[in-house]
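full-length UniProt numbering applies: residue 1 is where the sequence shown begins, and numbers increase by one.
To start, the structure under review is shown below, and the notes come after it.
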Amino acid sequence: MAADWLGSLVSINCGPTLGMYQGEVSSVDQTSQTISLRQPFHNGVRCPVPEVTFSAMDIRELKFLDIQTQSGVSRTSAGQGILSDSGVISSGQSGQNSRGGYPANNTHCTTAPITILRKGPPASSSNRGPNQATPKKNGVKNGGGGGQMRLGDDECFGVDMDEGLDTDFDFEANLALFDKAAVFLQIDGTDYNGVRSRGTPGGERGTPTRYRHDENILEVKPVIYRQITVPQHGGKEYCTDSGLVVPSVSYELHKCLLASAERHGLSLDRRLEMTGVCASQMALTLLGGPNRLTPKNNHQRPTVALLCGPHVQGAQGISCGRHLANHEVEVILFLPNFVKMQESITNELSLYSKTSGKQVASIKDLPVSPVDLVINCLGCHENGFLRDQAWYLAAADWANQNRAPVLSIDPPVSGQKQAVEAKWTLSLGLPLPIDGGEARVYLCDIGVPKQVFQEVGINYHSPFGCKFVIPLHSA
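Structure (structure tokens):
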């Protein structure tokens with residue numbers, strides 16, 4: 001009797017763990033209580049193996065999608081067993097299986113139910129009811145070709161199409177044939193060219209993991225975040241956006257570093273130029289960058305007030321102002337009149353005078369209305385008494401009352417509060433332990449080689465990456 005079910009299409013529900021299977025019955029073993037399907041589908045996806053065998057204890061529900069006997073006649077009778085006459089997989093019976101126990105995944109003494117979704121079409125048109133007659137073609141005379149025409153009508157209209165409409169369509173069973181989760185997993189693992197993405201298998205289905213375009217899939221050594229060590233702790237530590245630790249250094253060690261770099265060829269003029277370029281790039285970004293400095297905004301160019309003193313820090317500010325003026329920024333340079341100026345100041349002033357920038361020597365000549373940015377280069381590392389002079393106090397007071405944001409370039413280290421309240425400070429090479437209040441600290445690369453750092457006892461690895469100016473955060 002089990003052989004009568006061969007060739008039938010069935011749907012087997014094995015629960016949430018094993019899932020749904022569909023296929024054609026290829027063999028039924030009553031002794032071992034197993035059933036095999038050929039060309040199976042698992043959760044709507046074709047299985048990679050040609051045949052799958054199921055134990056009766058793993059089957060929760062069995063549905064017939066198409067029942068065919070070996071003779072081609074559809075079976076509609078219920079109450080016949082598949083695996084055995086009293087087995088667990090039966091149509092309409094319940095009880096213990098042939099092994100004397102109840103089926104797995106079923107705590108009650110019930111068997112896996114069987115549902116017949118549709119029956120196979122009849123083999124001929126002889127099963128039509130008495131009231132169902134073959135339609136006759138009107139206007140055809142009886143004659144020599146009448147028999148052939150009637151035969152053609154029987155072949156065309158002889159099958160009763162209403163016979164298979166007595167069973168309602170099972171939407172739930174057909175929906176179970178389509179596994180949306182598996183399909184979307186397959187779509188997610190395929191790029192636009194139809195190629196599977198690279199990655200390691202993951203999840204229950206073994207689907208590959210997708211990686212970002214900037215994610216490294218190769219195993220690397222652990223990252224060392226403290227790559228800069230100094231012989232003496234400067235008092236503060238900072239960290240970059242990527243987490244690298246940047247310690248501060250004392251002014252004496254910073255001075256030795258610059259002196260060693262100058263002996264190897266990094267002269268003061270080259271350092272001034274490098275500082276001016278980095279500071280001007282930062283200032284252009286603070287002014288709005290490409291959103292502000294466009295040909296359409298020539299009528300409202302940004303205005304920068306540059307406050308400088310008669311020292312190296314002032315020369316750095318004048319270099320920055322020259323680059324800003326070259327980028328169509330309106331620069332107003334404040335520099336007091338002194339009888340004698342350092343050579344670096346006079347050289348930078350000579351270049352600055354060739355730009356469109358303005359130069360004033362009195363605070364009264366500075367703008368009354370707020371400017372877009374104030375760059376502070378008033379302080380000096382060598383001479384702390386400058387901050388007590390009248391021109392210094394007047395310039396600092398103007399900057400604090402102008403209500404414009406302030407960028408301080410290389411501010412000096414002192415135990416006192418900074419005279420000008422800055423929003424940003426820019427340090428050179430390595431940061432100094434500056435009491436800048438709530439000012440954000442930035443660091444610029446002035447081109448000091450790695451071996452020069454090593455000569456003064458600093459183990460140095462560049463924290464700049466692809467940039468010349470980076471922000472620092474308090475560690």
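Glycine is no exception: its CB is placed at the ideal position from the N, C-alpha and C atoms.
As the structure is a computational prediction, the values presented were derived from the model and not from experiment.
With distance defined between alpha-carbon atoms, name the residue in the options nearest to residue i.
| i | options | result |
| --- | --- | --- |
| ALA361 | LEU306, HIS381, SER260 | LEU306 |
| VAL10 | SER36, SER32, LEU472, GLN30 | SER36 |
| PHE184 | ASN43, HIS213, ASN400, THR303 | ASN43 |
| VAL277 | SER26, GLN316, SER260, CYS239 | GLN316 |
| ARG46 | LYS236, LEU177, VAL368, THR31 | LEU177 |
| ASP365 | GLU343, TRP391, LYS354 | TRP391 |
| SER369 | ILE375, HIS323, ALA394, ALA399 | ALA399 |
| ILE446 | LEU257, HIS327, ASN297 | LEU257 |
| ARG32 | CYS14, SER55, THR355 | Here residue 32 turns out to be Ser, not Arg, going by the sequence shown. Among CYS14, SER55, THR355, the Cα nearest to that of SER32 is on SER55. |
| GLU61 | SER26, ARG440, VAL441, CYS14 | CYS14 |
| ASP241 | ASP66, ASP4, SER474 | SER474 |
| TYR442 | ARG292, GLY19, ASP410 | ASP410 |
| MET341 | GLN313, ASP58, CYS320 | GLN313 |
| CYS320 | SER408, TRP5, SER260 | SER408 |
| GLU252 | HIS233, GLY243, PRO367, ASP269 | HIS233 |
| TYR211 | ASP188, LEU65, GLN30, TYR225 | ASP188 |
| PHE385 | GLN416, ALA259, LEU293, GLN359 | GLN416 |
| VAL456 | LYS354, SER260, SER356, LEU6 | SER260 |
| ASP66 | THR34, GLU24, VAL339, GLN359 | GLU24 |
| ARG322 | SER356, THR294, THR346 | SER356 |
| ILE458 | ARG440, LEU18, GLY429, ASP435 | GLY429 |
| PRO463 | LYS180, TYR225, PRO367, THR294 | TYR225 |
| ILE318 | LYS354, VAL339, THR294 | LYS354 |
| ALA181 | GLY19, GLU172, MET282 | GLY19 |
Does the Cβ-Cβ distance between residue i and residue j come in under 8 Å?
| i | j | result |
| --- | --- | --- |
| CYS444 | VAL469 | yes |
| VAL28 | PRO40 | no |
| LEU378 | GLY309 | yes |
| VAL420 | ALA396 | yes |
| ASN402 | VAL374 | yes |
| ASN472 | PRO405 | Per the sequence presented here, residue 472 reads as Leu, with Asn not at that position. No; because the gap between Cβ atoms is not below 8 Å, this pair is not in contact. |
| PRO433 | LYS236 | yes |
| LEU324 | VAL304 | yes |
| SER344 | LEU393 | no |
| GLU328 | ARG292 | no |
Would you mind sorting residue i into buried or exposed? The rule is 16 or more other CB atoms within 10 Å of its CB.
| i | result |
| --- | --- |
| VAL49 | exposed |
| THR275 | buried |
| PRO290 | exposed |
| PRO130 | Note that PRO130 scores 43 on pLDDT, short of 50, meaning its location in the model is unreliable; the coordinates nonetheless yield the value given after this. Flag for PRO130 reads exposed. |
| TYR21 | buried |
| ASP388 | exposed |
| HIS213 | exposed |
| PHE453 | buried |
| ASP168 | exposed |
| THR134 | Confidence at THR134 is low in this model, with a pLDDT of 47, below 50, so its placement is unreliable and the value that follows should be read with caution. By the neighbour-count rule (16 or more Cβ atoms within 10 Å), THR134 is not buried but exposed. |
| ASN297 | exposed |
| ILE217 | exposed |
| TYR238 | buried |
| LEU175 | exposed |
| ASN376 | buried |
| HIS461 | exposed |
| LYS63 | buried |
| PRO16 | exposed |
| ALA3 | exposed |
| HIS311 | buried |
| GLY465 | exposed |
| ALA279 | buried |
| GLN451 | exposed |
| VAL448 | buried |
| PRO222 | exposed |
Compare the C-beta of residue i against all C-beta atoms of chain C and say whether one is closer than 8 Å.
| i | result |
| --- | --- |
| SER408 | No chain C is part of this structure, which consists of one protein chain only. |
**OP:** Kindly confirm or deny that the segment 417 to 432 and the segment 326 to 340 touch, where touching means at least three C-beta pairs closer than 8 Å.
**Re:** no
**OP:** Tell me, please, whether the segment 228 to 235 touches the segment 244 to 264 by the rule of three or more beta-carbon pairs shorter than 8 Å.
**Re:** yes
Original post:
Are three or more beta carbon pairs between the segment 283 to 302 and the segment 260 to 272 nearer than 8 Å?
Top reply: no
Original post:
Okay, do the segment 340 to 354 and the segment 379 to 387 touch, 3+ Cβ pairs below 8 Å being the bar?
Top reply: no
**OP:** Quick one: which unbroken beta strand (DSSP E) runs of 3-plus residues sit fully inside the segment 253 to 322? Chain order, please.
**Re:** 303 to 308
**OP:** Could you tell me which uninterrupted alpha helix (DSSP H) segments, each at least 4 residues in length, are contained entirely in the segment 338 to 390, listed from first to last along the chain?
**Re:** 343 to 352
Subject >> Runs of beta strand (DSSP E) wholly within the segment 30 to 63 (minimum 3 residues, chain order) >> reply: 34 to 42, 51 to 55
Original post:
What residue ranges within the segment 388 to 449 form continuous beta strand (DSSP E) runs of no fewer than 3 residues, ordered along the chain?
Top reply: 406 to 409, 424 to 428, 440 to 444
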